[in-house]
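Enquirer: In this note's numbering, the protein residues as written are 411 to 702.
1) Excluding the 5 residues flanking residue 554 on each side, which residues of the same chain have their C-beta closer than 6 Å to its C-beta?
2) If I measure Cβ to Cβ from residue 685 and keep anything under 7 Å in the same chain, skipping five residues before and after, which residues do I get?
3) Residue 438 lies in the alpha helix (DSSP H); which residues open and close that run?
4) Measure from the alpha carbon of residue 648 to the alpha carbon of each residue in 671, 459 and 557, then state which is nearest.
5) Would you tell me roughly how many angstroms separate the C-alpha atoms of residue 462 and residue 639, rounded to the nearest one?
6) Where residue 637 and residue 496 are concerned, what is the direct C-alpha to C-alpha distance, given to the nearest angstrom?
7) Should residue 450 and residue 667 be called a contact, given that it needs their Cβ atoms to be closer than 8 Å?
8) For residue 530, which of 492, 656, 470 and 642 has the nearest alpha-carbon?
9) Could you name the residues of the same chain whose beta carbon sits closer than 6 Å to that of residue 458, not counting the 5 residues immediately before and after it, in chain order?
10) Does the distance from the CB of residue 498 to the CB of residue 440 come in under 8 Å?
11) Where residue 599 and residue 580 are concerned, what is the direct C-alpha to C-alpha distance, given to the nearest angstrom?
12) Any idea if residue 574 is buried or exposed, counting beta-carbon neighbours within 10 angstroms, 16 or more meaning buried?
13) Hey, could you find the ends of the alpha helix (DSSP H) residue 457 is sitting in?
14) If you drop the 5 nearest sequence neighbours on each side, which residues of the same chain put their C-beta closer than 8 Å to that of residue 481?
15) Thinking C-alpha only, which one of 570, 532 and 468 is nearest residue 493?
16) On a CA-only basis, which of 532, 477 and 665 is nearest residue 452? Give me that one, please.
17) Who are the near neighbours of residue 674 in its chain, counting only those whose CB is closer than 7 Å to its CB and skipping five residues on each side?
18) What three-state label does DSSP hand residue 449 in the structure shown?
19) So residue 632 and residue 655 are in contact, right, with Cβ under 8 Å, and what is the actual spacing, rounded?
20) Does the distance from the CB of residue 491 to the CB of residue 578 come in under 8 Å?
And the structure:
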């Protein structure tokens, strides 16, 4: 009877497995094979083993792209977390007109990345951008992102924070609303100040949500592509390239499919290691809370 039930379920599961195999598994295996060969247009693949990986990690352009990616991830994600946490606590404190302000906070998630980049390019245009003109009128320095790599990196970080802030905010806001009000009442009766209540009640209980938000944002930010490509295309002189843009250039500008595939798998392995580390930390925290 059990075998018959399994046999009746298999045809229903088959389309899902076929879809997963055709969209994820088979392409992944092909990219692994491609990363072990030298390949280009009009050239038959030639097996080179791990040479593509060695060439990639020793390439100064890759190292620069990796450094830019790490800087963007560390700066943008942590600033985004701090802003998202502050906004979530502000909303949870009983902010007036929360429903209308919530729409404003979540609005960037409804904007296409292409439209967002076009909008920010106009706002921060070094000559006629409204933000640029406002900064000049106040006597403040402008972001000359079209020529200065540091200014371009700052603008990319601000753009990615603005685009993805709703994701971090909604996770932290939901976690904050799940904290019982009785805990804050007990802390107030015990004489805790607002800062002590935040340190002793809010922050520990928001810990798992913060880790989850950081995990997803680290992975998403490490794969950042569209903001950089649409804003600077890695320029000037490849100074703002990130790893995903480096991969794109190797594959579609230089037709070096082997090193592009190797770069892709380096990104996958880095994301898996990063995710595994955060899952380990989360499991330890959950285990500690269970024992407590």
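Idealized CB from N, CA, C, for every residue including glycine.
Expert: A quick look at the data gives this:
1) As a working note, residue 554 is residue 144 in the chain shown. Correct list, in chain order: 536 and 561.
2) The residue given as residue 685 occupies position 275 in the chain shown. Within the same chain, residue 685 has close Cβ partners 625 and 629.
3) Residue numbering aside, residue 438 sits at position 28 when the chain shown is read from its first letter. From DSSP, the alpha helix (DSSP H) with residue 438 extends over 436 to 445.
4) Working through the chain shown from its first residue, we reach residue 648 at position 238. Taking only the C-alpha atoms, the option nearest residue 648 is 557.
5) For the purposes of this step, residue 462 is taken as the residue at position 52 of the chain shown. For the purposes of this step, residue 639 is taken as the residue at position 229 of the chain shown. Answer to the nearest angstrom: the Cα atoms are 24 Å apart.
6) Here residue 637 refers to the residue found at position 227 when the chain shown is read from its first residue. Here residue 496 refers to the residue found at position 86 when the chain shown is read from its first residue. Their Cα atoms are separated by approximately 25 Å.
7) Within the chain shown, numbered from 1, the residue matching residue 450 stands at position 40. Within the chain shown, numbered from 1, the residue matching residue 667 stands at position 257. Yes, these two residues count as a Cβ contact at 8 Å.
8) The count along the chain shown starts at 1 and reaches residue 530 at position 120. Of the listed residues, the one whose Cα sits closest to residue 530 is 642.
9) Within the chain shown, the letter at position 48 stands for residue 458. Within the same chain, residue 458 has close Cβ partners 448.
10) If you number the chain shown from 1, residue 498 lands on position 88. If you number the chain shown from 1, residue 440 lands on position 30. Contact: no.
11) Position 189 of the chain shown, counted from the start, is the residue given in the question as residue 599. Position 170 of the chain shown, counted from the start, is the residue given in the question as residue 580. Near 30 Å, if we compare the C-alpha coordinates of residue 580 and residue 599.
12) Counting from 1 along the chain shown, the entry for residue 574 is found at position 164. Residue 574 is buried by the Cβ-count criterion.
13) Locating residue 457 in the chain shown gives position 47, where the first residue counts as 1. Unbroken run through residue 457 is the beta strand (DSSP E), 453 to 457; no alpha helix (DSSP H).
14) On the chain shown, position 71 is the one that residue 481 refers to. So the list reads 563, once near-sequence residues are dropped.
15) Sequence index remark: in the chain shown, residue 493 carries index 83 (1-based). Comparing Cα positions, the closest option is 570.
16) Stepping through the chain shown from its first residue, residue 452 is reached at position 42. Checking every option, the nearest Cα to that of residue 452 belongs to 665.
17) Counted from its first residue, the chain shown places residue 674 at position 264. Closer than 7 Å at the Cβ level, and outside the excluded window around residue 674, lie 441 and 657.
18) Within the chain shown, numbered from 1, the residue matching residue 449 stands at position 39. Here residue 449 sits in strand by DSSP.
19) In the chain shown, counting from the first residue as 1, residue 632 sits at position 222. In the chain shown, counting from the first residue as 1, residue 655 sits at position 245. About 13 Å; that fails the 8 Å criterion.
20) Counting from 1 along the chain shown, the entry for residue 491 is found at position 81. Counting from 1 along the chain shown, the entry for residue 578 is found at position 168. Yes; because the gap between Cβ atoms is below 8 Å, this pair is in contact.
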